[in-house]
Ligand SMILES: O=c1ccn([C@@H]2O[C@H](COP(=O)(O)OP(=O)(O)O[C@H]3O[C@H](CO)[C@@H](O)[C@H](O)[C@H]3O)[C@@H](O)[C@H]2O)c(=O)[nH]1
Ligand SMILES: [Mn+2]
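Numbering (my numbering), first residue to last: 330 to 1085.
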């Protein structure tokens, strides 16, 4: 549906995608048939085992491919026209908006970053009296509270400054470190810059000391607030609820007499014996606290590491939300996660272009994209049951249609808000299951979006050319694969639950949407084919075992065509071409890679980034996904439980420098590096032995595919070989990792030569 506020267009090449999908499906079926044929004719146990392994791998890869293809069947791009918004909707009818920001650890998520995000959102180009920003502090830290108090003071000059000068970069740190301020009066610019610098010094000072020194506490209410953190039993995992209203719209104005938005700090109650459900738990607390305080119909969720990069964003979201024709059952509008500070070729594939852009665009033509945890405008109503049947909350004040009439600092409201953030509040309620953000998976974002869509809510993906939000990326390999491991564990939670998208999702949302959601939960399963293809062909090659079809060169086929006239079609097809299955392999491998790289290019990325991305896919298969499996099994057995390990956002200068140079960072030993390094050693070894064998025996025909896989492995891992042997900087691979991996590689090869 197109209106004054938004339009859409189909992504070019969709018809080609569909034809290609059909041909590729036939090719996959032929391959599976081939494996079955080989299996039937297998005479030795070894051959049965290798063929079965290849069969399992290829079936999993086929499912992965099918789920990827589901995003290519009806991709849609949408445009918004926020400049028309005020023409269509009267300013006084703009809906109120509650903005949630989550932070969890002042040492991994520096308070200075948190307040930069907060300020960028407070400065939205939206009526301030309609906005309330709630910051959830799961770290329970006075450092974060102090930073936010400072931000509240600074906001009073920052907001009018942005408005008057029509600033685009409303995240102060970004604004002051860029040089896009030519047309701003120098004196005013300098004045604000000094205020920002002073604030930064104070906040960083306090963080460095680890406490707010008395010197910075200037009045009694502040003293009382900080005293709450200073009881003997207070710790981040054990403390009462702390709620501080830092700015109250009804009472505070900026220097021009414009009202300020509300700013509320919330640190929910924590208790060592209660489950807190990580971020989903924090967001549910905020949902309830905000319900009793402001209860805005629109809720934006935001991670503290993602600042706003475009002040028009709320209006863009409202272009859809305020238009009843856009989607009748609209539950949320999702903006993509985009990042600042990626190195040129994005060595860790941190952009996650497929996850955050290509796939949501693909779901746009269906019921809409998944929720990615940040940059998402929800209709509050979506958290209270499906569009047709509301699930009522326990008390009247939590209903999405409840109107708050009292100011947020009224005693009764504050008291109720404290009650809402208690850690036992959710006992015997439907929170986390039928109400609010959903529990049960470490990827609460994916799971919540999925459950909402299963209930019948639809969503919209809004991808403007200027990114709406920009976030931090992990800049070391261990952080990157650690993050992917957490996600993979979360996906396994869903895979092995009764909500598996292939079963539950396809029934609730239709086959293609179910497949789209299944794509993510298959991530960890991909480790199976990746591991098999990283070790099996190479070890087989080392032992002179050839497990793939023989090469059939094209010129040989041409030659055979001449024979066609002599010996007849059947004879040609079955007898003369060396092995037609070889051509099938060529088509499957190159077809998948070519399509994938084309998609990357289509969405504005580069071939180099694509190359790094596919490498990371293989690395994750050998580290994150594999370890996710192991840890998930431990969890099932009750040996250990996984927490939400917050990704570090602290910038180490030396590390950042290496990252900017595009070097892969290993640095300290991690068990997660071992399977990867072992695979690299075996691949290199197989390549060398393969070449020697090729030159001495000259039987390229048989070993070609295995040699190709080993050389692909070696070529792909070049930066890691560099980190192993050639680099001398602190980010090189630790000797310990290399030695352990060498031991593993020799044990594997030795063991195999014994068996084969
Ligand atoms: O107990 C917790 C743990 C985390 N967080 C917050 O959750 C956010 C995301 O954490 P981060 O360490 O940055 O994880 P990422 O892997 O970068 O986050 C991605 O993946 C998460 C799911 O694993 C989603 O929640 C995020 O929105 C998505 O950006 C941050 O704001 C944290 O402060 C909490 O509030 N409480
Ligand atoms: Mn993050």
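Ideal Cβ placement from N, Cα and C applies to all residues, glycine included. Given the structure is predicted, the values throughout are model-derived calculations rather than measurements.
In the stretch 429–482, which residue ranges form an unbroken alpha helix (DSSP H) of at least 4 residues, counting only runs that do not cross its ends? 440–451
Look at the Cβ atom of residue 848, then the Cβ atom of residue 772, and state whether they are nearer than 9 Å. no
Where residue 730 falls, given that 16 or more other Cβ within 10 Å makes a residue buried: exposed
Separation of residue 728 from residue 722, as counted between CA atoms: In this model, residue 722 and residue 728 are separated by some 6 Å (Cα to Cα).
Helix, strand or coil at residue 877 [DSSP, three-state]: coil
Can you tell me whether residue 690 is buried or exposed, with buried defined as 16 or more other CB within 10 angstroms of its CB? By the 10 Å Cβ count, residue 690 comes out buried.
Run the CB neighbour count on residue 542, radius 10 Å, all protein chains shown included, and call it buried at 16 or more, exposed below. exposed
What span of residues does the beta strand (DSSP E) with residue 602 cover, start to end? Looking at the DSSP string, residue 602 is not in any beta strand (DSSP E), and its letter there is neither H nor E.
Where residue 864 falls, given that 16 or more other Cβ within 10 Å makes a residue buried: buried
Considering only residues of the same chain and omitting the five flanking positions on each side of residue 1063, which have a CB-CB separation below 6 Å? 998
Any contact of the stretch 1024–1042 with the stretch 989–1005, i.e. 3+ C-beta pairs under 8 Å? Fewer than three pairs of CB atoms, one per stretch, sit closer than 8 Å, so the stretch 1024–1042 makes no contact with the stretch 989–1005.
Any idea which residues DSSP pairs residue 568 with across the strands? 599
Residue closest to residue 834, alpha-carbon to alpha-carbon, out of 799, 776 and 816: Taking only the C-alpha atoms, the option nearest residue 834 is 776.
Looking at residue 945 and residue 809, is the spacing between their C-beta atoms short of 9 Å? yes
Own chain residues within Cβ distance below 7 Å of residue 658, not counting five before or after: Once the five neighbours on either side are set aside, the close Cβ partners of residue 658 are 716, 785, 786 and 787.
Among the candidates 412, 385, 339 and 582, whose CA atom is the shortest distance from the CA of residue 400? 339
Closer than 8 Å to a non-hydrogen atom of ligand 2 - does that hold for the CB of residue 634? yes
Given residue 1002, which residues of its chain have a CB within under 6 Å of its CB, disregarding the five upstream and five downstream residues? In chain order, 1066 place their CB closer than 6 Å to the CB of residue 1002, counting only its own chain and leaving out the 5 sequence neighbours on each side.
Report buried or exposed for residue 391, applying the criterion of at least 16 other Cβ atoms within 10 angstroms of its Cβ. buried
Alpha carbon to alpha carbon, how far is residue 503 from residue 522? Give it in angstroms, no decimals. 12 Å
Alpha carbon to alpha carbon, what distance is there between residue 508 and residue 494? 15 Å
Considering residue 774, what are the terminal residues of the alpha helix (DSSP H) in which it resides? 773–783
When every heavy atom of ligand 2 is checked, does at least one fall within less than 8 Å of the C-beta of residue 972? no
Min CB distance residue 968 to chain D below 9 Å: Going by chain labels, chain D is absent from the structure shown, which holds only one protein chain.
Using the Cβ count rule (16 or more neighbours within 10 Å means buried), how would you classify residue 449? In the assembly as shown, residue 449 is a buried residue. Its beta-carbon has 16 or more other beta-carbons within 10 Å.
If the criterion is Cβ atoms closer than 9 Å, does the pair residue 468 and residue 439 meet it? no
Going along the chain, which residues of its own chain have a beta-carbon closer than 7 Å to the beta-carbon of residue 364, five neighbours each way excluded? 380, 383, 384 and 387
Buried or exposed: which applies to residue 549, given that a residue is buried once 16 or more other Cβ atoms fall within 10 Å of its Cβ? exposed
Skipping 5 residues on each side, what residues in its chain have a beta carbon closer than 8 Å to that of residue 416? 333
Strand pairing of residue 705, partner residues [DSSP]: 630 and 663
Quick check on this structure: which residue in 559, 725, 530 and 692 has the alpha carbon closest to the alpha carbon of residue 540? Of the candidates 559, 725, 530 and 692, the one whose C-alpha sits nearest the C-alpha of residue 540 is 559.
Under 7 Å Cβ to Cβ from residue 926, same chain only, skipping five residues before and after it: list those, please. 936 and 939
Output the distance between the C-alpha atoms of residue 669 and residue 979, rounded to the nearest integer angstrom. One C-alpha to the other measures close to 14 Å.
If you draw a straight line from the C-alpha of residue 813 to the C-alpha of residue 666, how long is it? 15 Å
From residue 976 to residue 603, what does the alpha carbon distance come to, in whole angstroms? 23 Å
Beta-carbon within less than 6 Å of residue 879's beta-carbon, same chain only, minus the 5 sequence neighbours each way: which residues are those? 907, 908, 1030 and 1031
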